[in-house]
Amino acid sequence: MEDFAVIRTGGRQYMVSVNEVLEINTISGDPGKKVDIDEVLLVSKKGKAEIGKPLVKDAKVKVEIVEHVKGDKTQTNKFKAKSRYRKASGHRQTYTVIKVVSI
108 MEDFAVIRTG
118 GRQYMVSVNE
128 VLEINTISGD
138 PGKKVDIDEV
148 LLVSKKGKAE
158 IGKPLVKDAK
168 VKVEIVEHVK
178 GDKTQTNKFK
188 AKSRYRKASG
198 HRQTYTVIKV
208 VSI
């Protein structure tokens with residue numbers, strides 16, 4: 108069985124394993140920089156799971172920042188009938204692509 112961990116970053120939880128590449132909410136750092144994520148909720152190594160209450164002590168997940176990207180644009184439109192009021196707004200969420208180096 109493959110080793111994996113559950114981490115929390117940016118208010119969300121992600122299940123990660125070594126050499127996995129995923130998009131998470133933006134974290135600070137330049138591409139190529141290695142970052143330690145301390146908020147580890149669960150670690151499973153060699154079939155043995157260690158569950159934190161709420162965090163696993165002395166557990167870290169080392170990740171490498173690959174790049175910063177923007178997500179798809181979401182558009183919202185508002186209008187009021189008979190008054191010629193129209194308003195359009197858009198938003199693009201920023202993400203950080205990371206690669207898990209070690210658990």
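Here the sequence shown is numbered in the working numbering, starting from 108 and rising by one per residue. Glycine included, C-beta positions come from ideal geometry on N, C-alpha and C. Remember, it's a predicted structure, so these values are computed and weren't measured experimentally.
Within a Cβ cutoff of 8 angstroms, which residues of the same chain sit near residue i, ignoring the five residues on either side of it in sequence?
i      : result
Gly197 : Lys180, Thr181, Gln182 and Thr183
Leaving out the 5 sequence neighbours to the left and right, which residues in its chain are closer than 6 angstroms to residue i when beta-carbon positions are compared?
i      : result
Val163 : Val147, Val150 and Glu157
With DSSP as the reference, label residue i as helix, strand or coil.
i      : result
Gly71  : Lying outside 108 to 210, the shown extent of the chain, residue 71 is not represented and no answer is given.
Ala112 : strand
Leu162 : coil
Asp143 : strand
Gly154 : coil
Val176 : strand
My assumption, with CB atoms under 8 angstroms, is that residue i sits in contact with residue j. Please give the rounded CB distance.
i      : j      : result
Asn132 : Lys206 : With 8 angstroms as the limit, Asn132 and Lys206 do not qualify as a contact, their Cβ atoms being about 16 angstroms apart.
Are the beta-carbon atoms belonging to residue i and residue j less than 8 angstroms from one another?
i      : j      : result
Val173 : Pro138 : yes
Val170 : Val113 : no
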